[in-house]
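Engineer:
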Amino acid sequence: MDTTEAKKRSDGYNAKRIREILGVKQEDLAERLGLSQRTVSKLEQTDILKDEQLEAIAKALNVPVDAIKNFNEERTINIIANTYNDEAVSYAVHYKCTFNPLEKVVELYERMLQTEREKVALLEEVLKEKK
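Counting in the working numbering, the sequence shown runs from 1013 upward without gaps.
1) For Glu1067, which residues of its own chain have a beta-carbon under 7 Å away from its beta-carbon, when the five flanking residues on both sides are left out?
2) Check whether the segment 1080-1089 and the segment 1047-1057 are in contact - that is, three or more C-beta pairs closer than 8 Å.
3) Whole angstroms are fine: how far does the CA of Asp1040 sit from the CA of Val1117?
4) Is DSSP giving Ala1100 helix, strand or coil here?
5) Within a Cβ cutoff of 8 Å, which residues of the same chain sit near Lys1028, ignoring the five residues on either side of it in sequence?
6) Taking DSSP as the reference, what is the three-state secondary structure of Ala1069?
7) Using only alpha-carbon positions, find the residue among Lys1140, Gly1046, Glu1043, Thr1051 that is nearest to Gly1024.
8) What does the Cβ neighbour count give for Leu1134, buried or exposed, with the cut at 16 atoms within 10 Å?
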């Protein structure tokens, strides 16, 4: 394979792959763009999209225009493969509870109990004054 040969850019295919990676259906993208699903399908088959079309698609997918223009599936797969972390390990390593939640609940109930005692004392005072 000749390394000097430039890869053919396909904005439509790139937009389609990004849409698929994000889990967005063609119908949903069409709705966001105010177009029909058929029109979106045709756009995804177009090699070079107009700047306005690229901007609208990028905004609808919440990605930069350059992400569509410069999308490279191999690089994306490598990034995902190299940055994937197992959540079980992640929680074990990064999650450390720095306070005891039970102590906080006890403190809250103690404050509530004290407030209730003050309220009862105040009501008893008011009752004695009325007698």
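We put the CB at the ideal spot given by N, CA and C, even for glycine.
Structural biologist: From the atom records:
1) Looking up residue 1067 in the sequence shown gives position 55. Answer for Glu1067: Val1077, listed in chain order.
2) no
3) In the sequence shown, residue 1117 corresponds to position 105, counting from 1. In the sequence shown, residue 1040 corresponds to position 28, counting from 1. For the pair Val1117 and Asp1040, the Cα-to-Cα distance works out to about 46 Å.
4) In the sequence shown, counting from the first residue as 1, residue 1100 sits at position 88. Because Ala1100 sits at a pLDDT of 49, beneath the cut-off of 50, its placement in the model cannot be relied upon, and the point is left open.
5) Here residue 1028 is taken as the residue at index 16 of the sequence shown, counted from 1. Within the same chain, Lys1028 has close Cβ partners Glu1056.
6) Indexing the sequence shown from 1 puts residue 1069 at position 57. Inspection of the sequence shows that residue 1069 is occupied by Ile rather than by Ala. DSSP places Ile1069 in helix when its eight states are reduced to three.
7) One-based indexing of the sequence shown puts residue 1024 at position 12. Out of Lys1140, Gly1046, Glu1043, Thr1051, Thr1051 has the C-alpha closest to the C-alpha of Gly1024.
8) Working through the sequence shown from its first residue, we reach residue 1134 at position 122. Exposed, because fewer than 16 other Cβ atoms sit within 10 Å of the Cβ of Leu1134.
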